[in-house]
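Q:
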Amino acid sequence: MMERVLGPLPHHMLKKLDRHAEKYVRMGRLDWPEGAMSRDSIRAVSKLPRLQNLIMQHVDHSAGEFIHLLQGLLRYDPTERLAARDALNHPFFTRERLRR
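Residue 12 is where the sequence shown starts when you use the working numbering, and the numbers rise one by one after that.
1) Any heavy atom of the ligand FAD within a distance shorter than 8 Å of the CB on Leu17?
2) Between which residues of its own chain and Asp51 is the CB-CB distance below 6 Å, once the five residues before and five after are set aside?
3) Skipping 5 residues on each side, what residues in its chain have a beta carbon closer than 8 Å to that of Arg106?
4) Taking 6 Å as the limit between beta carbons, can you name the residues of its chain near Arg15, skipping five residues before and five after?
5) Give the DSSP-derived three-state secondary structure of Arg36 in the structure shown.
6) Apart from the five residues just before and just after Arg92, which ones in its own chain have a Cβ nearer than 6 Å to its Cβ?
7) In the DSSP output, what is Leu41 paired with across the bridge?
8) How long is the line joining the alpha carbons of His22 and Phe104, rounded to whole angstroms?
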């Protein structure tokens, strides 16, 4: 589900997996949790939209800054993930403050 919505895990992170975590990955992608792989589950996950499309279904088309903020907060790699302090200074929040 994560890969469907957020995209695939970065290759450099997959290469760092230890032998205990390898059971969660198959052919370079996250594997389905044990016992959770039914046709209905696969069908439901395959219908999920990407993050930006998911957001666009629920907000107006000026959501670009919001999408950018969420993409930064939801990055897999913690070194690339937006820190809380940086998130508070993101244009999504600073523009809102200017409007008030």
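The beta carbon of each residue, even a glycine, is placed where N, CA and C say it ideally should be.
A: Short version:
1) What this structure holds is no ligand at all, so the ligand FAD is not there to describe.
2) none
3) Glu76
4) Val56, Leu59
5) Just to set this straight, residue 36 is Val in the shown sequence, not Arg. Note: Val36 maps to strand in three-state DSSP.
6) Arg86
7) Val36
8) One C-alpha to the other measures close to 32 Å.
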